[in-house]
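Here's the structure we're looking at; comments come further down.
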Amino acid sequence: MEMFGAILELGKMILAPISERYKYHRSVDEHMKNLMGKRDDLECKKSDIESKMKAELLPRKKPKREVEFWLQKVETINADIQNIEQEAERGKYFSRMRVGKIACKKIQEVTELIDQSCGFGESLVIDPPVSYGDELPTRALVGESTAEITMEKIWEHLLDEDCRMIGVNGMGGVGKTTIMKQINNRLLKEKDKFNHVIWVTVSKAFDVIKLQNDIASKLDPNLFKSEDETTRAGKLYAALKEMKKCVLILDDLWNAFPLENIGIPEPTSENGCKLVVTTRDAKVCDGMNCKTIKVELLSIKESHDLFLKTVGCDVSNIPEDVVEGVVKQCARLPLAIITIAGSLKNVVDVSEWRNTLNELRTSTKGLAHVDDEIFGRLRFSYERLKDEKLQRCLLCCALYPEDYEISRDELIEHLIDEKVIESMKSRQEELDKGHTLLNMLENACLLEGFSKEKMRFVKMHDLIRDMALQIAGAKFLVLEDVPNEEEWGNDVEKVSLMFKNNSNFPNVSPKCPKLSTLLLRGYVKIIPDSFFVHLHGLRVLNVDCLGFESLPNSVIDLKHLTSLRLNVYGFKWMPSLAKLTALRSLDLSVRSLEEIPHGLEMLVNLRYLILRKTKQEKMPPGILPKLCQLQVLKLPFDGLEVNGEEMVRLKKLECFEGAFDGLKGFNTYVESLEKGGPSHYIYAVKPAIQLGVAELFESVILSYCNICLLPKDVRALAISFDDVWDYRKKTVWFKYEEIEYINSYFDTFSLQSLENLDLYELHNLKGLFTEEKVAPAPVVPLGTFSRLKQFSIWSCPNIKKLFTPGLMQNLEQIRVYDCEQLEEIIGGAEEEEAKEIVEIFPRLRNLTLQFLPKLKTICSSSNVILCDSLNCIKIYACPKLERLPLSLHLIDGERSSPPSSLRIKIENEWWELLEWDDHDMKMVLEPLCQFGEWR
Numbered sequence: 004m005e006m007f008g009a010i011l012e013l014g015k016m017i018l019a020p021i022s023e024r025y026k027y028h029r030s031v032d033e034h035m036k037n038l039m040g041k042r043d044d045l046e047c048k049k050s051d052i053e054s055k056m057k058a059e060l061l062p063r064k065k066p067k068r069e070v071e072f073w074l075q076k077v078e079t080i081n082a083d084i085q086n087i088e089q090e091a092e093r094g095k096y097f098s099r100m101r102v103g104k105i106a107c108k109k110i111q112e113v114t115e116l117i118d119q120s121c122g123f124g125e126s127l128v129i130d131p132p133v134s135y136g137d138e139l140p141t142r143a144l145v146g147e148s149t150a151e152i153t154m155e156k157i158w159e160h161l162l163d164e165d166c167r168m169i170g171v172n173g174m175g176g177v178g179k180t181t182i183m184k185q186i187n188n189r190l191l192k193e194k195d196k197f198n199h200v201i202w203v204t205v206s207k208a209f210d211v212i213k214l215q216n217d218i219a220s221k222l223d224p225n226l227f228k229s230e231d232e233t234t235r236a237g238k239l240y241a242a243l244k245e246m247k248k249c250v251l252i253l254d255d256l257w258n259a260f261p262l263e264n265i266g267i268p269e270p271t272s273e274n275g276c277k278l279v280v281t282t283r284d285a286k287v288c289d290g291m292n293c294k295t296i297k298v299e300l301l302s303i304k305e306s307h308d309l310f311l312k313t314v315g316c317d318v319s320n321i322p323e324d325v326v327e328g329v330v331k332q333c334a335r336l337p338l339a340i341i342t343i344a345g346s347l348k349n350v351v352d353v354s355e356w357r358n359t360l361n362e363l364r365t366s367t368k369g370l371a372h373v374d375d376e377i378f379g380r381l382r383f384s385y386e387r388l389k390d391e392k393l394q395r396c397l398l399c400c401a402l403y404p405e406d407y408e409i410s411r412d413e414l415i416e417h418l419i420d421e422k423v424i425e426s427m428k429s430r431q432e433e434l435d436k437g438h439t440l441l442n443m444l445e446n447a448c449l450l451e452g453f454s455k456e457k458m459r460f461v462k463m464h465d466l467i468r469d470m471a472l473q474i475a476g477a478k479f480l481v482l483e484d485v486p487n488e489e490e491w492g493n494d495v496e497k498v499s500l501m502f503k504n505n506s507n508f509p510n511v512s513p514k515c516p517k518l519s520t521l522l523l524r525g526y527v528k529i530i531p532d533s534f535f536v537h538l539h540g541l542r543v544l545n546v547d548c549l550g551f552e553s554l555p556n557s558v559i560d561l562k563h564l565t566s567l568r569l570n571v572y573g574f575k576w577m578p579s580l581a582k583l584t585a586l587r588s589l590d591l592s593v594r595s596l597e598e599i600p601h602g603l604e605m606l607v608n609l610r611y612l613i614l615r616k617t618k619q620e621k622m623p624p625g626i627l628p629k630l631c632q633l634q635v636l637k638l639p640f641d642g643l644e645v646n647g648e649e650m651v652r653l654k655k656l657e658c659f660e661g662a663f664d665g666l667k668g669f670n671t672y673v674e675s676l677e678k679g680g681p682s683h684y685i686y687a688v689k690p691a692i693q694l695g696v697a698e699l700f701e702s703v704i705l706s707y708c709n710i711c712l713l714p715k716d717v718r719a720l721a722i723s724f725d726d727v728w729d730y731r732k733k734t735v736w737f738k739y740e741e742i743e744y745i746n747s748y749f750d751t752f753s754l755q756s757l758e759n760l761d762l763y764e765l766h767n768l769k770g771l772f773t774e775e776k777v778a779p780a781p782v783v784p785l786g787t788f789s790r791l792k793q794f795s796i797w798s799c800p801n802i803k804k805l806f807t808p809g810l811m812q813n814l815e816q817i818r819v820y821d822c823e824q825l826e827e828i829i830g831g832a833e834e835e836e837a838k839e840i841v842e843i844f845p846r847l848r849n850l851t852l853q854f855l856p857k858l859k860t861i862c863s864s865s866n867v868i869l870c871d872s873l874n875c876i877k878i879y880a881c882p883k884l885e886r887l888p889l890s891l892h893l894i895d896g897e898r899s900s901p902p903s904s905l906r907i908k909i910e911n912e913w914w915e916l917l918e919w920d921d922h923d924m925k926m927v928l929e930p931l932c933q934f935g936e937w938r
C-alpha cells in the first residue's frame with residue numbers, strides 16, 4: 004500500500020503540470036478573446052485620460068507622475084499584446100500552451116491597469132514647483148569700494164517700492180555682468196525679498212523669438228510650440244503674470260524694446276515685480292524708462308591692487324614707474340587689467356616688463372575711440388601668448404555665437420579637426436593636449452571656464468571675441484546670413500553662419516580657394532548643390548541645424564574633407580561617402596537615417612565615428628574590420644548591433660558606446676580585453692533573438708551561461724528589459740527579462756569595481772543575491788559592491804527587499820521608483836533589534852523613494868542614517884512608510900545641527916503622520932522641508 008501511495012503521489016506530481024499546460028492549450032482561443040476585449044477597454048480608458056489631460060494642460064501645468072507612469076505601462080502592455088497576437092496567429096501546436104499562459108497573465112495586468120486609472124483623482128495635472136532661480140558662476144567683485152558701492156545702489160533700488168525698472172549702464176568690460184551675477188546669487192540667499200529670479204543673456208544679435216524662448220525655458224520648456232510671435236507673447240505674458248514678486252534680469256541688452264512685444268508684464272507695485280537690464284548704451288536705459296545706475300571705472304588704487312593680485316608674484320624688483328605705467332595703460336578697466344596682468348603672471352624679468360610697457364604704449368598710439376584702446380590692450384595679451392597653437396585656439400572660439408557656452412569636449416574635437424592639436428599616439432593624449440591649451444587660455448584670463456551639470460564649458464567675453472574677430476580680419480566670416488557671392492573674399496579661410504528661424508539658403512556658388520572650415524548653425528532646410536562646387540579646399544564641415552533634410556551631392560567631391568559632423572533633425576538622405584577617403588572624423592548625430600551611409604567601408608582613415616540613430620538593426624558584416632584605425636566608436640543602443648568577433652579587430656579603439664548582437668559575441672570581446680581595450684566604454688548586450696513576448700520562454704537559454712564576463716574595470720552596470728536612458732563612462736548594460744538574482748549572472752569579482760548599478764523593469768527580479776535556504780540572509784562575497792556609489796531601481800514589481808545589513812556602505816545616491824511589492828530597503832527589520840544603534844549609509848547624499856505602495860520600513864529601529872552628508876531626501880507616494888530613520892551626531896551631549904544645504908521634499912500630510920523615536924528630530928528637520936507633490 005505504501006508503494007501504491009507513493010506511485011499515486013508521483014503520478015499527481017507528473018500529471019498536475021501536464022494538466023495545467025493542457026488547460027492553457029485547450030483554452031487559448033477563449034483567453035485571446037478575453038485579452039482582446041480587455042485591451043479594447045484599456046484603449047478606451049487611455050483615450051479618455053489623454054483627452055482629459057490635454058484639456059487640463061494649460062501653460063505651466065504638468066501631468067501627474069502617476070498618470071505618466073500609467074500611460075507608459077499601457078504602451079508597454081499594448082506592445083506585449085501585439086506580440087502575443089502574432090504568435091497566436093502562427094498557430095504552432097507547441098506554442099499554444101505558451102500563448103495561453105501569457106494571455107492569462109496579461110489579462111490580469113490589463114485589469115489592474117484599468118483599476119489603477121480610477122485612482123487619479125479629479126485632476127490629472129499639477130502645478131509644478133517653479134525654480135526660485137539659478138545660482139550663477141561668477142568672479143569675486145573687483146575694485147571692492149567702487150563695485151560694492153554700485154552693487155549696494157542696485158540692491159537699494161531693488162528694494163525700493165517706487166522703483167520698478169533698473170538700468171545698469173557702463174562701458175564694455177567694466178564689470179556690469181559680474182555685479183549683477185552677485186546680485187542674482189544674493190537674491191537666491193535672501194529668499195524673503197522676492198519669489199523668483201530669472202536671468203537671461205540677450206546679447207548684440209537681438210531676436211524676439213530667442214528672447215521669448217530663453218525666458219520661457221526658465222518657466223516651462225513646453226510653453227511654446229510653433230506659434231507666431233504675438234501668440235507666444237500672449238502665452239508668456241499669462242505665465243509671467245502668475246509669478247508675483249519676480250525679478251527679471253536681462254543682461255547685455257543693446258536695444259530698447261516694448262515689453263508687450265515679448266510678453267513681459269509691466270512691473271508694478273501690485274505684482275511686486277522688477278526688471279533689471281545691463282547695457283553699454285545709456286540710451287537703452289532711457290528707452291526702457293529705467294532708473295539708470297552707472298558702473299564707474301576703478302579708482303587708481305583699486306586698479307593697482309587688482310593688477311598686483313592678478314599678476315600673483317613679487318614685483319618688488321620691477322621699477323615702480325614701470326609697474327604703474329603698465330597699470331595706467333589698462334585705463335582702470337577691470338577686464339583690461341585682469342587680461343593684461345594675466346599675461347604677466349610670474350614674469351620677474353625687468354626687461355620683459357619694460358618691453359611690455361613699450362608695446363602697450365605703441366599698440367594704442369593714435370587710436371581715437373575708447374573701444375579701439377581697449378582692443379589694443381586686449382590684443383597685447385593675445386600677442387603675449389606667443390604660442391601659435393594657443394592663438395589659433397583662441398581665434399577658433401570666436402567662430403561660436405556671442406555669449407555661447409562652449410562645451411570643452413566639443414571645442415577640443417574641433418581643435419583636433421582643425422589640426423590645432425596635431426595627431427598624437429592616442430586620442431587620450433590629444434584630449435589632454437586640448438585641455439592643457441584651454442587651461443592656459445583660462446589662466447591668461449582670455450577664456451572663462453565653468454562647470455554645469457557635471458560638464459565643463461568655456462565662455463568668451465564679448466569684448467575678447469570682438470578683439471579676436473578683429474585680429475582674424477578678412478580670414479574669418481562670422482555672420483547670421485549667407486553673404487552674396489561678391490562678399491566671399493579670396494582670402495577667407497573660416498566661415499561661421501548662424502541662421503535665424505526659417506532662413507532661406509540663397510543659390511550662391513562662392514569661389515574661396517583658401518576656405519578650410521565651414522560651420523553652419525541654426526535653422527535651414529536645404530543647401531543648394533551649387534554651394535560646394537568650388538570649395539575644393541574645404542577640410543572641416545560642421546552642420547548643426549534644425550530642419551536640415553539632405554546633404555548636397557556636391558559634398559562627395561570634397562576630396563580634402565577630413566571632418567564631417569552633422570547634428571541635425573529632420574534629416575532624410577545621405578549620399579554615398581565612398582569618395583571621401585580623407586575623412587578622419589565622421590559624426591552623424593542625425594535622428595532619422597534609414598540606414599548607414601553607403602561607402603562607409605571605404606573610409607579606412609577614420610579615427611572617430613558616431614552614428615546616433617538609424618532604423619538598421621545590425622551593423623552590416625565586414626565594415627568594422629576595414630575601419631581598423633578607429634579610436635572612437637559611438638553607436639545607438641537600439642540598433643546597429645555589432646558582432647563581438649569583428650570588434651576584436653579594432654585594436655586601436657579607446658572609446659566605445661553601443662550594443663552587441665548577443666551574449667556570446669560580448670563574452671568573446673571581453674576575453675580579448677586581457678590584452679587591453681577601450682578606457683571609456685558603455686557596452687549594451689541583448690540576446691541575439693529579439694525579445695518579443697513569443698520568444699520570452701526561449702530566452703531562458705541565457706541560464707546556460709549564467710556567468711557573464713565583465714571588463715575588470717567596469718564602473719557601472721545597468722540591467723533592464725526596456726531601453727536604456729542613462730549613459731555613463733565604463734558602463735555595461737544588459738537587457739534581460741528573466742533575471743531573478745544579480746549574482747546569478749555576473750562574476751562577483753567584477754561586481755567589486757562597480758560604482759553605479761541601475762536596474763530597470765526587471766519583472767522577475769527577486770533580489771540582488773540568491774537566497775540560501777539554510778541561511779537567514781543571502782551570503783554576500785567579501786568586497787561585493789564595496790565601491791558602489793549610485794544605485795537606482797525602476798519598475799521591478801516582484802522585489803521585496805533591497806539590501807542586506809552592512810552592504811553598500813559607500814553609497815552616495817539611492818533612487819527607488821515604482822516597485823509594487825517592495826517592503827524593506829534594508830532587510831532584517833523583523834529580526835530582533837540590536838542593543839546598540841548602528842549607522843547605515845554613512846556617505847549617503849541623496850535618497851529618493853517614489854511610488855512604493857507597500858514600503859513599510861527603510862531599516863530596522865536599531866539603524867539610523869546620520870544627516871551629516873545628506874543633501875536631498877525626496878519621498879512621494881509611500882503611504883505605508885511610517886518612520887524616517889534620521890539622526891544627528893551628539894557633541895558633548897548636545898545634538899549637532901543638520902547641514903544647511905539639506906532639503907527634504909515630501910508631502911505635508913505624510914510628514915504629519917510620521918512616527919519619531921525622538922520627537923525633537925521632527926522640530927529640527929521641519930524648517931528644511933519643502934512640501935508639495937514632489938516627483
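Residue 4 is where the sequence shown starts when you use my numbering, and the numbers rise one by one after that. We treat Cβ as the ideally placed atom computed from N, Cα and C, and that holds for glycine.
- In the DSSP assignment, Arg524 forms a beta bridge with Met501 and Asp547.
- 8 Å or more divides the Cβ of Pro516 from the Cβ of Asn545.
- Residue pairing by DSSP puts Phe453 in a beta bridge opposite Phe460.
- In this structure, the straight-line span from the alpha carbon of Tyr611 to that of His539 is close to 23 Å.
- For Gly170, the uninterrupted beta strand (DSSP E) run begins and ends at Met168 to Asn172, by DSSP.
- Phe197 carries a coil assignment under DSSP once its states are collapsed to helix, strand and coil.
- When the alpha-carbon of Asp254 is set against those of Asn216, Leu309, Thr180 and Asn874, the nearest one is in Thr180.
- In this structure, Cys333 lies near Ile343, with their beta-carbon atoms less than 8 Å apart.
- Lys277 counts as buried, since at least 16 other C-beta atoms from the protein chains shown sit within 10 angstroms of its C-beta.
- Proximity to Met291 across Ile907, Leu791, Ile169 and Pro268 peaks at Ile169, based on C-alpha coordinates.
- The C-beta distance from Leu440 to Lys392 rounds to 6 Å, short enough to fall under 8 Å.
- Taking C-beta separations shorter than 7 Å and ignoring five residues to either side along the sequence, the partners of Leu338 in its chain run Gly176, His464 and Leu466, following chain order.
- Taking all protein chains in view, the Cβ of Thr114 is surrounded by fewer than 16 other Cβ atoms within 10 Å, so the residue is classified as exposed.
- Scanning Gly602, Asn608, Gly573 and Ala585 for the CA closest to the CA of Arg594 turns up Gly573.
- Counting only runs of at least 3 residues, the segment 543–605 fully encloses the following beta strand (DSSP E) elements, listed from N- to C-terminal order: 543–549, 566–571 and 588–593.
- Around the C-beta of Glu489, fewer than 16 other C-beta atoms lie within 10 Å, and the residue is accordingly described as exposed.
- In the three-state DSSP reduction, Gln634 falls in the coil class, being neither helix nor strand.
- In the structure shown, the three-state DSSP call for Pro66 is strand.
- Closest option to Leu472, judged by alpha-carbon separation, among Lys497, Leu757 and Lys462: Lys497.
- Asn759 carries a strand assignment under DSSP once its states are collapsed to helix, strand and coil.
- In this structure, the beta-carbon distance from Thr79 to Asn172 does not fall below 8 Å.
- DSSP places Trp797 in the uninterrupted beta strand (DSSP E) bounded by Gln793 to Trp797.
- A Cβ-Cβ contact shorter than 8 Å links Leu586 with Asn608.
- Contact annotation, Ser306 with Ser148: C-beta distance approximately 12 Å; criterion of less than 8 Å not satisfied.
- Taken through DSSP and simplified to helix, strand or coil, Leu347 comes out as coil.
- Under the three-state reduction of DSSP output, Asp83 falls in the helix class.
- The Cβ neighbour count for Leu791, taken over all protein chains shown within 10 Å, is at least 16; the residue is labelled buried.
- Listed as beta-bridge partners of Ile409 by DSSP are Val461.
- Looking at the DSSP output, Ile613 sits in a beta bridge with Asp590 and Lys637.
- Annotated three-state conformation of Gly176 is coil, per DSSP.
- Look at the segment 201–282 and you find these whole runs of beta strand (DSSP E), each 3 residues long or longer: 249–254 and 277–282.
- The shortest C-alpha to C-alpha distance from Lys294 to any of Cys166, Ser319 and Phe534 is the one to Cys166.
- Of Glu915, Phe934, Ser899 and Val325, the smallest CA-CA separation from Arg906 is found for Phe934.
- The alpha carbon of Ser553 has as its nearest neighbour, out of Leu591, Thr565, Ala581 and Arg542, the alpha carbon of Leu591.
- Looking from the CA of Ile110, the closest CA among Arg189, Glu33, Asn442 and Ser54 belongs to Glu33.
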